[in-house]
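Note sheet for the following structure.
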């Protein structure tokens, strides 16, 4: 693989999932295991032809499906990679999330013994992530991949999870009713301009392996370099939202609908429309929420240092302290969230 200049990104070798958010209204995650190394390699070889690259997304506007493939360390080992290369991966990746559960705070009801679909198993070797423009396209893709898997003796599906937009929302809301997908870091070299209030674009090496990060040249990665360059590390987390309990909490702490909405906003740091409390603390402003030039254009240190508008313990202050913490361009994450399961009717527990 030719070595690119430090400032240029090899979009043709980067999966779209890392650089671009597709306009998908449905998605599907499939969790696979390789029973035979040769079968796993054959499956992966075929899937590389179906993976959507960042270059493809940048050159096409009418795609209806976007495919991403991720491998666990156990999956790479199951494909037959040599021990020397396997040992060159970071310890955290080699151990996996289930082994590191206590360090990650995944205890009690969140302990791996409660994880569904084989997600805590060492047999989880690969994840196929399908984003589709609508449910019909997702179903077409599901049928195609299941047919292909039936021809790959030695590759099996452990489980799957379908995701889609939930009514009454068409896009980018989660089950508690909050608007999602409002802020993501801009990556230097993608040509994407940061939204006002988001700070400067972040060095590509913070997200993409093989490039300089905020502290300088990239650290040594897995060997040989082709194993890691233009890749990244993905953490998959399946969460349950207890919507009935959330609604009960709001009713317990707010007598009127307006008071309940304010409690919900104080918990998040934004109104459920997405409008930030720092900019509109007294009432919701859906017009502000829909204006991407303004909805992230705020800070905490100068505009709300004591948390009178946006509480210090609110979700957005803890997830992104902005100007109240040092070196905020380090260790950021790109999140690709989605909703699964039907909406909970009003009044249901």
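In the numbering used here, the protein residues as written are 1219 to 1567. For every residue, glycine included, the Cβ atom is placed at its ideal position computed from N, Cα and C.
- A check of alpha carbon separations from residue 1268 across 1277, 1479, 1284, 1442 identifies 1284 as the nearest.
- Judged by DSSP secondary structure, residue 1342 falls outside any alpha helix (DSSP H); it is assigned neither H nor E.
- Assigned with DSSP and collapsed to three states, residue 1413 falls in coil, not helix or strand.
- Burial state of residue 1334 is exposed, judged by a 10 Å Cβ sphere holding fewer than 16 other Cβ atoms.
- Minimum Cα-Cα distance from residue 1391 among the listed residues 1543, 1244, 1542 corresponds to 1244.
- By the Cβ criterion, the segment 1431-1451 is not in contact with the segment 1485-1496, since fewer than three pairs of Cβ atoms, one from each stretch, lie closer than 8 Å.
- Note on geometry: alpha-carbon atoms of residue 1507 and residue 1233 lie some 30 Å from one another.
- Annotation: the continuous beta strand (DSSP E) that includes residue 1248 extends over 1244-1252.
- Straight across, the Cα-Cα distance linking residue 1551 with residue 1559 is about 25 Å.
- For residue 1466, the secondary structure class from DSSP, reduced to helix, strand or coil, is helix.
- Here residue 1444 is exposed: its Cβ has fewer than 16 other Cβ atoms, across all protein chains shown, within 10 Å.
- Distance from the Cα of residue 1438 is smallest, within the candidate group 1341, 1306, 1257, for 1306.
- Residue state for residue 1541 is assigned as helix, using DSSP reduced to three classes.
- Within the segment 1287-1362, the alpha helix (DSSP H) runs of at least 4 residues that lie entirely inside it are, in chain order, 1291-1296, 1301-1304, 1309-1317.
- Under the 10 Å beta carbon count, residue 1427 is surrounded by 16 or more other beta carbons and is classified as buried.
- About 6 Å separates the beta carbon of residue 1561 from that of residue 1385, a gap short enough to meet the 8 Å contact definition.
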